[in-house]
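This report refers to the structure that appears directly beneath it.
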Amino acid sequence: MKVKIAHLISSIHLGGVEKGIQLSINDLNLYFNYQVYTLSNENTLNIGNGYLNAGKYKNLIFSFFLILNKLRSYKPDILISSLWKVAFISIVYKKIFHKKVVLVAFIHSETYFHFFDRFFIKQLLKTADAVAFDSKGSLVGIKTKSITAKKTYIIPYIFLHNNGFIKKITNKNIIRFLFAGRITKIKNIEATLFFFKLAKDKNINFIFDIYGLGDIAYIKTLQLLIDKYQLSNNIFFKGVFDNTTSNSIFNSYHFYIQFSKNEGMAMSVVDAMLCGLVPIVTPVGEIKNYVNHLTNGLLLNMVDKEYDYAELLKNLVSVISQPLLFEKMSYNALSYFKSQETYLAAFTNMINDLDNCYTISKNK
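Residue numbering for the sequence shown follows the numbering used here, beginning at -3 and increasing consecutively.
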């Protein structure tokens, strides 16, 4: 019989965790019974074939018992818990209702974002039977902060079905940049806007499109900065796109830009590179291990605890003014992950290993 898997997450929006779920769910259900459970009913991305079990309410607290009952009815063999907001319900289900369930904590960042994230994830790590990380950077970062002797797995956010191509730039081009993900303070978009103010002062002809949803107050703050920097003709909020259409969206840009304060694998950066975009990023999380400055991307580094915008801008102007250099960097970005293990393969291997370790199939 197929192993029954429940993947618990707060909601399904545009983001690395959610994209991994959306792009793998149909394939995973060829081998396992794989269901997704969200506490919130605010799910902006579609998951096909009825695999999504959502709460009834926007407020996560109100859906706690509903999702708990759904899990009790489904009775998964393996429960995967992503992000801190669902850690408590995962722990309760494991300790009270189904002690034999194999609980997997899925970690998506090299550090904790705030007190609640730290508290609930640490409790989850103490309870979990195994820990999955989206990258080696996340594994190293979290294991140095938490005492755990669990089985560990790397599930990289790499999807090789992307149909990218080498991007080109001419002197007549409007240089096109994009960001796609959660619009939150951790993504440091205000720093990106300041960089584009400097770019405009250098007479760079550009468009920067921001895809995703986020905190309304933060988005209003960003809009005020756009107005302050007189960038309303250059920068646009574009809403959410379906992950299955990301190829066509990404392929219409030259650069992907993201100045995050911390990250895990940074799936959106990987996805952009697989489409041939040149990333302009901060060296945080796993990014520092796969983006090589002036080889397959550009890095915004810090000098005396301040971002070195001037150096980055100088490098960007240099790359834009050398079409052959840009094409080479685009090719290097496109090629970097081609031979590496995919999310689907790594996820499947993890489930098979857990099945063997806990004799799940044999016990059915």
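Glycine included, every Cβ here is placed at the ideal spot set by N, Cα and C. Because the structure is a prediction, the values reported are computed rather than measured.
- Query: Leaving out the 5 sequence neighbours to the left and right, which residues in its chain are closer than 6 Å to residue 104 when beta-carbon positions are compared?
  - Reply: 13, 130 and 260
- Task: Report the three-state DSSP secondary structure of residue 262 (helix, strand or coil).
- Result: coil
- Message: Just to confirm my understanding: we take residue 377, look at its own chain, exclude 5 residues before and 5 after, and list those with CB closer than 8 Å. What are they?
- Response: Because the chain in this structure spans residues -3 to 360, residue 377 falls outside the shown range and cannot be described.
- Query: Going by the beta-carbon positions, is the gap between residue 330 and residue 293 smaller than 8 Å?
  - Reply: no
- Message: Considering only the alpha carbon of each residue, which of 281, 242 and 196 lies closest to residue 269?
- Response: 242
- Give a yes or no on whether the C-beta atoms belonging to residue 182 and residue 258 are separated by under 8 Å. yes
- Hey, residue 339 and residue 87: beta-carbon distance below 8 Å or not? no
- Task: Ignoring anything shorter than 3 residues or poking outside the segment 31 to 105, list the beta strand (DSSP E) runs there in chain order.
- Result: 48 to 50, 74 to 78 and 98 to 103
- Backbone CA spacing between residue 210 and residue 20 [nearest angstrom]: 24 Å
- Counterpart residues of residue 294 in DSSP-defined beta bridges: 276
- Please name the residue or residues paired with residue 289 in a DSSP beta bridge. 293
- Query: Exposed or buried, what is residue 310 when buried is set at 16 or more other beta-carbons lying within 10 Å of its beta-carbon?
  - Reply: exposed
- Out of 322, 304, 301 and 306, which has the shortest C-alpha to C-alpha gap to residue 275? 322
- Would you be able to state if there are at least three C-beta pairs under 8 Å between the segment 300 to 317 and the segment 345 to 356? no
- By DSSP, does residue 13 sit in helix, in strand, or in coil? helix
- Beta-bridge pairing of residue 205 - partner residues as DSSP gives them: 174 and 232
- Nearest candidate by alpha-carbon position, reference residue 398, set 54, 60, 93 and 57: The structure shown has nothing for residue 398, since the chain only spans -3 to 360.
- Have a look at 185, 74, 95 and 117 and flag the residue whose alpha-carbon is nearest the alpha-carbon of residue 82. 117
- 6 Å Cβ shell around residue 138 - same chain, five flanking residues per side excluded: 103
- What does a CB cutoff of less than 7 Å around residue 119 pick up in its chain, not counting 5 residues either side in sequence? 83 and 87
- Report the option in 45, 8, 33 and 35 whose CA atom is closest to the CA atom of residue 26. 45
- Reduced DSSP category for residue 340 - H, G, I as helix; E, B as strand; rest coil: helix
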